[in-house]
Structure formats: structure tokens, C-alpha cells
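Asks:
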Amino acid sequence: MVGRGARAGGSVSDLATRGGIGDDLAYLRATYPQPDWRTHANFGQLADFWLHIHASLRAEAAAVETSLAAFRDGRLDAPAFQRRFVPDLNRFLQHLNAHHQIEDSAYFPKFRALDPRMARGFDLLDADHHAIHDALDRNVEGARTLLAALGGAGALDRAAADYAERSRTLLTMLGRHLTDEEDLVIPAMLEHGERRVT
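Here it is as C-alpha cells:
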């Protein structure tokens, strides 16, 4: 499983409870409402790929949650759960980690350079990445404890409940972040064109 050391940035509680970003940060959202994105002349391969990656992350997270719920409800025994859970969780965490690294190193700096008004929004998204990775590290710790309990080392019900809570926190944060990121990134691509950030 992948983890990343804690870094300074947004706090877990802020992202976990944030109700979205304001129009001061998502200043292009009203000009380019989400229902119209795919029909806009500047909606191209990069915007489509970005949304596809986010949909994939949501689906991978849902697969992990589905396996965990099936195990906790008794629909999956321990060996079957472990066979599904470990590869699903690894796939999700590795994909999430790689996606954020690419955004941090390649895309976010280009978006910031496009328009100074975007800087605060991308600073927020960058802080989100740090908060998500702190939650990801806690998720990995909980998963290791759960897997050890499957092997008889610890209280299984408690480990499953603890992991479920850590996972819920991570997925709540991720869901909020992905939606907020889309509200910044896709309208910026529609406004400035994709070539400006590739």
C-alpha cells in the first residue's frame, strides 16, 4: 500500500466539512456551468481525460467500500474479503497518489500561471492534497491493522470499524476535493483552451 509523509497544508477537518468553494475562487463557474461543459467548443481530450480520471478514482473508492461493507455484513468471509480488498485498495491508493503527484508537479503550476486570480484556488487544492495524503496515511495504518486482525492478531470487529471510519473520512475529503477541483479546472480549460496547460 502507498503512503506519503505528512506535509504542511489544509487540515483534515476543513476539507472533511467544507461545503464547496465560493465564487471568489471558482470565478469561472457561473460562466461555464457543469451541465454545459461537454458541449463547449474548448472541451477537448484533456478535460475529458481529467473527468475520466476523477470518475475512475470515485469508482475505485466505491469498490473498496463495497468489499468492506460486504465483509462487515457477513456476505464475504475473511479470505474472500482479503483477496478483493488488498488489490482494490492498492489500486485506488496508487492511482490517487500518482494523480496528485502529476497535478502538483505539472498541471497546477500551469493553471496558476494562466491567471493570477486562479492562484488562491490552486493553493487550496494543493492544501487539499496534503490533507488527503495525511488521511491516506491513516487509512493505510487502519488497513494494516485490519489485515493483521484477519490473521488473528487483534480484535477483528474493532479493526474493521476503525478502518471503516478512516476510509469514510478519506472518501468524504476526496469527494469534496474532486468536485471543487473540477469547478476550477474544467472552466479554466474552457476559458483559456487546453493548449495553455499542456
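Oh and the sequence shown: position 18 is 326 in my numbering, straight run, nothing missing. Backbone N, C-alpha and C define an ideal beta-carbon position, used for all residues, glycine too.
1. In its own chain, which residues sit with a C-beta less than 6 Å from the C-beta of Phe379, not counting the 5 before and 5 after it?
2. Taking 8 Å as the threshold (C-beta atoms), are Ile440 and His485 in contact?
3. In this structure, how does DSSP classify Tyr335 when only helix, strand and coil are distinguished?
4. Which of the three DSSP states is assigned to Pro387 in this structure?
5. Give the DSSP-derived three-state secondary structure of Ala351 in the structure shown.
6. Apart from the five residues on each side of it in sequence, which residues of its chain come closer than 8 Å, Cβ to Cβ, to His348?
7. Hey, is the stretch 475–485 in contact with the stretch 457–465, meaning 3+ C-beta pairs nearer than 8 Å?
8. Return helix, strand or coil for Ile329, following the three-state DSSP convention.
9. By the three-class DSSP mapping on this structure, what secondary structure does Gly429 have?
10. When the distance is taken between beta carbons, is Gly501 closer than 8 Å to Asn350?
11. Suppose the cutoff is 8 Å on Cβ atoms and the five residues either side in sequence are ignored; what does the same chain contact list for Glu490 look like?
12. Distance check for Glu373 and Arg446, CA to CA, integer angstroms please.
13. DSSP three-state call for Asp465: helix, strand or coil?
14. Please state whether the Cβ-Cβ distance between His403 and Glu449 is less than 8 Å.
15. Please say whether Leu492 and Leu433 have beta carbons closer to each other than 8 Å?
Replies: Reading from the atomic positions:
1. Counting from 1 along the sequence shown, the entry for residue 379 is found at position 71. Excluding positions up to five away in sequence, the list reads Phe389.
2. As a first step, residue 485 is located in the sequence shown; it is residue number 177 there, counting from the start. As a first step, residue 440 is located in the sequence shown; it is residue number 132 there, counting from the start. Contact flag set, yes.
3. In the sequence shown, counting from the first residue as 1, residue 335 sits at position 27. Here Tyr335 sits in coil by DSSP.
4. Your numbering for residue 387 matches position 79 in the sequence shown. If DSSP states are grouped into helix, strand and coil, Pro387 belongs with the helices.
5. Taking the first residue of the sequence shown as position 1, residue 351 is located at position 43. One detail in the question is off: residue 351 reads as Phe in this sequence, not Ala. Three-state DSSP puts Phe351 in coil, outside helix and strand.
6. Along the sequence shown, one-based indexing puts residue 348 at 40. Hits under 8 Å: Tyr340 and Leu498.
7. no
8. Sequence index remark: in the sequence shown, residue 329 carries index 21 (1-based). Ile329: coil per DSSP, three-state reduction.
9. Position 121 of the sequence shown, counted from the first residue, corresponds to residue 429. Helix.
10. Your numbering for residue 350 matches position 42 in the sequence shown. Your numbering for residue 501 matches position 193 in the sequence shown. Their beta carbons are under 8 Å apart, which means Asn350 touches Gly501 by this criterion.
11. Locating residue 490 in the sequence shown gives position 182, counting from the first residue. Contacts found: Gln342, Trp358, Leu359 and His362.
12. For the purposes of this step, residue 446 is identified with residue 138 of the sequence shown, where counting begins at 1. For the purposes of this step, residue 373 is identified with residue 65 of the sequence shown, where counting begins at 1. So the two alpha carbons sit approximately 16 Å from each other.
13. Numbered from its first residue, the sequence shown carries residue 465 at position 157. Asp465 falls in the helix class under three-state DSSP.
14. Here residue 403 is taken as the residue at index 95 of the sequence shown, counted from 1. Here residue 449 is taken as the residue at index 141 of the sequence shown, counted from 1. No, the pair does not count as a contact, with Cβ atoms beyond the cut-off.
15. Walking along the sequence shown from the start, residue 433 turns up at place 125. Walking along the sequence shown from the start, residue 492 turns up at place 184. Yes, Cβ-Cβ distance for Leu433 and Leu492 is below 8 Å.
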